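Presented below is the structure to which this report refers.
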Amino acid sequence: MTSNPISQALPFLERAPIPSDSAITILPLGGTNRVGMNCYAVGTKGRWVLIDLGATFPGADDDFAAEFAERHEARVESIFPDPRSFGDIINRLDAIILTHAHEDHVGGIAPLLAFSEAWPRLSRVPIWGTKYTIETVQNRLREYGRSHPMRELHPKRTTRIGQFDITPIRVTHSAPQTMAILLACKAGRIIHASDVKVDSRPVIGAPTDFGSLERVGRAGVLAFLADSTNAHRSGRSRSEGEVMDGLTDVMRSATGRVYVSTFASNVARIEGIRGAARRSGRSLASSGFSIQRNFETACATGVLQPNTPPLIDARRLHHGIPKRKMAVVCTGTQAEERSALRRLTTELELGAFSNSGPFRIEAGDTVVHSARAIPGNEATVRMMLDTLRAKGVNVLDANSGLPIHASGHGHRDELMDLYRAIRPRFAMPVHGNEELIEAHLDLARSVPSVRDAQSPREGEAFRVSEAGIERLGTMSVDLVAYLKGVGSTLGTEKLVAWPSGEAPDLKREAKERRRGMTTRRSPSSERSRGEQGLRATV
-9 MTSNPISQAL PFLERAPIPS DSAITILPLG GTNRVGMNCY AVGTKGRWVL IDLGATFPGA
51 DDDFAAEFAE RHEARVESIF PDPRSFGDII NRLDAIILTH AHEDHVGGIA PLLAFSEAWP
111 RLSRVPIWGT KYTIETVQNR LREYGRSHPM RELHPKRTTR IGQFDITPIR VTHSAPQTMA
171 ILLACKAGRI IHASDVKVDS RPVIGAPTDF GSLERVGRAG VLAFLADSTN AHRSGRSRSE
231 GEVMDGLTDV MRSATGRVYV STFASNVARI EGIRGAARRS GRSLASSGFS IQRNFETACA
291 TGVLQPNTPP LIDARRLHHG IPKRKMAVVC TGTQAEERSA LRRLTTELEL GAFSNSGPFR
351 IEAGDTVVHS ARAIPGNEAT VRMMLDTLRA KGVNVLDANS GLPIHASGHG HRDELMDLYR
411 AIRPRFAMPV HGNEELIEAH LDLARSVPSV RDAQSPREGE AFRVSEAGIE RLGTMSVDLV
471 AYLKGVGSTL GTEKLVAWPS GEAPDLKREA KERRRGMTTR RSPSSERSRG EQGLRATV
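Under the working numbering, the first residue of the sequence shown carries the number -9, and numbering increases by one thereafter.
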């Protein structure tokens, strides 16, 4: 089998290739050199679709990001691909198809559309996704006073989008209504499943739809673009049902309040925490706007039953609730500066409580960190948890050995289950850094049906057909950072080239485009030879 020649030089492409009729062209614009910022262009017959348009976020321990923010007197909210480096893809783009509602898959959409005058063509492209996913994106757009045409996809229902027949297939993950995407055209079929696990006990929704995957596999699949996040981990990931059992045991044995921090987007975990509180006889409250909003969106879109009791705002808890009968689900897994758990920790450390009621953390309480620290945040998270321990709080985290967290990404045995069902001719691992993708390539090469396994890096164009995988070349994909002002710039927002920090004048570029002019962007610092940016009419 062909190895993945990561170090092999590819010809530089001045522009994106035009997809041919006899093959499927795959061009990652994010998500294959890193974990995060997922965005994949897939094309055939001269047209493209984007699968996801995600963002990445600087870690709390990122010194460069801190210096960058200070220089601009702003806060770095997110980083995502610069549409102006997409070149002709924008003019040939039929849709943006979303797999699920995590920020590393949808986080670039709202800030990009907030500056839609800079790329008017992109702002007219319809966005497709499941009901929960598109409502989550619409919520973000409303924060910017924007709206966008959204169209709903349904599991196992095929929809013609551009040159592809698109069929979503239900998979389990840590976001509601996550879908693997089957893209079919004259040249063949591929399946994109960048975030997937095999969970036999999901707390919400049904398990991964292996019946549909096996039917597609029998019909023939050219390529499988699959999740590499846990390809280096043996065995299987823990079930969300097992986590609910573990949290139940914690709540039953704890004598004080129990605080559980989790990602606000993990509605299944929030529902599992509700179940644990109910089993242990505790009243559950929530702290964190995003938790409340995602819970309400889940109820409104049918992810949760319409008669599901609402989450109580923790600030409304009254003194009559005994500590042993109280539980709170809160934000703050990454010790974010404005998160609930970070604020409660600071209040405990200073001995200055902002709430006169029982909504506070004190010695004897239990804090469950039901998440993993994202790379780059480890030191800040550890400092927060150590502060709690020093104040007499019982802290349970990933090192406790208890089943209090589960990854949303499958381990090696789960990936093998997917490969056996789909039986792809070619494997193209995505969603991971080089180490994770190499582990996935190693696994894929052991699959009997796989004739070749390769993984494109960001900006590398591959052509897939019955004949095999052809590497076409590499194009530059620049990034922009979305900044919110602080101090004297409070209330301002802007997009700035990342990492060079040279701010594109979006209003000037929009005016020039309306006059029919084509502009040249400033050089990116990522190009060591000082090459100029691609020309692009957007």
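Where is the CB? At the ideal position from N, CA and C, for every residue including glycine.
Please read these numbers as outputs of a predicted model, since none were measured by experiment.
Residue span of the beta strand (DSSP E) that contains residue i, given as start and end
{"i": "T34", "result": "29 to 34"}
{"i": "I80", "result": "Segment: none, I80 is in no beta strand (DSSP E) and carries neither H nor E."}
{"i": "V250", "result": "248 to 251"}
{"i": "E142", "result": "140 to 142"}
Reduced DSSP secondary structure (H/G/I, E/B, other) of residue i
{"i": "T46", "result": "strand"}
{"i": "N384", "result": "strand"}
{"i": "K176", "result": "coil"}
{"i": "A13", "result": "coil"}
{"i": "S277", "result": "strand"}
{"i": "R333", "result": "helix"}
{"i": "R5", "result": "coil"}
{"i": "A396", "result": "coil"}
{"i": "H182", "result": "strand"}
{"i": "G20", "result": "strand"}
{"i": "H359", "result": "strand"}
{"i": "R226", "result": "coil"}
{"i": "R150", "result": "strand"}
{"i": "A170", "result": "strand"}
{"i": "I302", "result": "strand"}
{"i": "L0", "result": "coil"}
Closest by C-alpha distance to residue i, when choosing among the options
{"i": "S390", "options": "S360, L378, G382", "result": "S360"}
{"i": "K474", "options": "H62, T22, E456, G21", "result": "H62"}
{"i": "P101", "options": "W488, G477, P489, V470", "result": "V470"}
{"i": "A429", "options": "A457, N220, G265", "result": "N220"}
{"i": "L331", "options": "R350, V437, G310, A174", "result": "R350"}
{"i": "G449", "options": "A13, D11, L19, A59", "result": "L19"}
{"i": "P489", "options": "A59, P1, G26", "result": "A59"}
{"i": "T34", "options": "F452, D468, Y472", "result": "F452"}
{"i": "A388", "options": "R228, A258, G195, C29", "result": "R228"}
{"i": "E483", "options": "F105, D217, I86", "result": "F105"}
{"i": "P9", "options": "F154, S243, G225", "result": "F154"}
{"i": "T356", "options": "T336, E339, K381, E368", "result": "K381"}
{"i": "L386", "options": "V250, S436, P419", "result": "V250"}
{"i": "Y558", "options": "V476, Y472, T479", "result": "Lying before the first or after the last residue shown, residue 558 is absent from the chain, which here runs from -9 to 528."}
{"i": "G322", "options": "M316, S344, A363, H309", "result": "A363"}
beta-carbon residue i near the ligand MN non-hydrogen atom, thresh 7 Å
{"i": "Y134", "result": "Ligands in the displayed structure: none, and consequently the ligand MN is not present."}
Beta bridge counterpart(s) of residue i as assigned by DSSP
{"i": "E63", "result": "Beta-bridge pairing links E63 to no other residue."}
{"i": "T162", "result": "K187"}
{"i": "Y472", "result": "S68, L485"}
{"i": "S455", "result": "G458"}
{"i": "K87", "result": "For the sequence presented, residue 87 should be read as Ile rather than Lys. Partner(s): I41, W118."}
{"i": "G463", "result": "A451"}
{"i": "D217", "result": "V420"}
{"i": "A55", "result": "Answer is none; A55 lacks a bridge partner."}
Boundaries of the alpha helix (DSSP H) in which residue i is found, first to last residue
{"i": "M418", "result": "First-last for M418: undefined, no H or E at that position."}
{"i": "F200", "result": "200 to 209"}
{"i": "H430", "result": "424 to 434"}
{"i": "R534", "result": "Within the shown structure, residues of the chain are numbered from -9 to 528, placing residue 534 beyond reach of any answer."}
{"i": "A317", "result": "A317 -> not in any alpha helix (DSSP H); beta strand (DSSP E) instead, spanning 316 to 320."}
{"i": "P438", "result": "Segment: none, P438 is in no alpha helix (DSSP H) and carries neither H nor E."}
{"i": "V96", "result": "93 to 96"}
{"i": "I99", "result": "99 to 104"}
Would you be able to state if there are at least three C-beta pairs under 8 Å between the region 175 to 190 and the region 387 to 401? Contact between the region 387 to 401 and the region 175 to 190 is present: 3 or more CB-CB pairs across the two stretches fall below 8 Å.
Pairs of beta-carbons, one from the region 298 to 310 and one from the region 264 to 277, closer than 8 Å: are there three or more? Look at the beta carbons and you see the region 298 to 310 touching the region 264 to 277: at least three pairs across the two are nearer than 8 Å.
Sufficient close CB pairs (3 or more, under 8 Å) joining the region 284 to 293 to the region 320 to 328: By the criterion of at least three beta-carbon pairs nearer than 8 Å, the region 284 to 293 is not in contact with the region 320 to 328.
Contact the region 49 to 58 vs the region 124 to 132: 3+ CB pairs below 8 Å: Judged by pairs of C-beta atoms under 8 Å, the region 49 to 58 does not touch the region 124 to 132, as fewer than three such pairs exist.
Could you say if the region 408 to 419 and the region 229 to 240 meet the contact criterion of at least three C-beta pairs nearer than 8 Å? No, the region 408 to 419 does not touch the region 229 to 240.
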